[in-house]
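Let me begin by presenting the structure, written as structure tokens, before commenting on it.
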Amino acid sequence: MKAVPLAALRQPIIFLDTETGGRDPLRHPLLTIGVVTLTPEGEITHPLHLKLKHAEYCVEPGALEVNGIDLLTHDREAQPPPEVARQLRDYAAEVGRVMLGGHNFGFDLGFLRPLLPDLGRVFRRGHIDTKLTAQFLIHAGALPHNVGTPLSQLTQHFGIEYAAHDALEDARATARVYVELLKLAAPPSHLPLDS
1 MKAVPLAALR
11 QPIIFLDTET
21 GGRDPLRHPL
31 LTIGVVTLTP
41 EGEITHPLHL
51 KLKHAEYCVE
61 PGALEVNGID
71 LLTHDREAQP
81 PPEVARQLRD
91 YAAEVGRVML
101 GGHNFGFDLG
111 FLRPLLPDLG
121 RVFRRGHIDT
131 KLTAQFLIHA
141 GALPHNVGTP
151 LSQLTQHFGI
161 EYAAHDALED
171 ARATARVYVE
181 LLKLAAPPSH
191 LPLDS
């Protein structure tokens, strides 16, 4: 996909996705984090895929079926949460204190906040949620009602190649969807008037 400068984007946005051992951040572990940066030039850069090691893994079998994570392999490759938190802080420091984005991002934030209690100091406050943005554009008539808001349906609608349930791939796909949503929301070009 060719990068297109995004006139409305004045600074980068860091898109983040998580894979977890279930739906409850108080019981289930955060397993992987995928991060990319969307630049104002429309490029997706700085891919980072982090795996978190835990002393115990309280997981729902259905969650592992969805995300395809093998816990034995995962545990061998994973790093302790403080190391992952340090890498996220370093990533943010390199890109700058910018806004986070994701798809159905409230879910990801529920798992991210315990890892980064200083989230509001590491990243700008507020966030972008492509699921909510797509819902708004459907209601506004800019996106067809039959599209739906799951990431898989949005990527299919926009012709974005996507293999679901890898945190890095999901973050990358979310950034691409955001670019397409921005294009839908952009004001129409001003055409010269006929004389």
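The sequence shown begins at 1 in the UniProt record's numbering and counts up by one. All C-beta atoms in this analysis are idealised placements derived from N, C-alpha and C, irrespective of residue type, glycine included. Quantities reported herein were computed from a predicted structural model and do not represent experimental measurements.
With a minimum length of 3 residues, the unbroken runs of beta strand (DSSP E) contained wholly in the segment 114–189 fall at 127–129. Here Leu168 has Gly34, Pro47, His49 as same chain residues with Cβ atoms under 7 Å from its own Cβ, once five neighbours each way along the sequence are excluded. The Cβ neighbour count for Thr130, taken over all protein chains shown within 10 Å, is at least 16; the residue is labelled buried. Non-local C-beta neighbours of Ala173 in its own chain, meaning closer than 7 Å and more than five positions away in sequence, comprise Leu151, Thr155, Ile160, Tyr162, ordered along the chain. By the CB criterion at 8 Å, Asp24 and Lys53 fall outside the cutoff.
Fully enclosed beta strand (DSSP E) runs of no fewer than 3 residues occupy 99–102 of the segment 53–113, in order along the chain.
Scanning Glu60, Arg10, Ile44 for the CA closest to the CA of Arg27 turns up Glu60.
Leu72 counts as exposed, since fewer than 16 other beta carbons sit within 10 angstroms of its beta carbon. According to the DSSP secondary-structure assignment, His49 is paired through a beta bridge with Gly34.
Distances from the CA of Pro40 to each of Arg89, Val95, Ile69, Cys58 were compared; the closest alpha carbon is that of Val95.
Contact between Leu115 and Ala185 fails: their C-beta atoms lie close to 32 Å from each other, not under 8 Å.
Counting other Cβ atoms within 10 Å of its Cβ, Ala55 stays below 16 and is therefore classed as exposed. Taking the C-beta atoms as reference points, Val122 is found no nearer than 8 Å to Ala171. Less than 8 Å divides the Cβ of Asp17 from the Cβ of Gly102. Burial is judged here by how many other beta carbons sit within 10 angstroms of a residue's own beta carbon; Thr45 has fewer than 16 and is exposed. Under DSSP, Glu43 forms no beta bridge with any residue.
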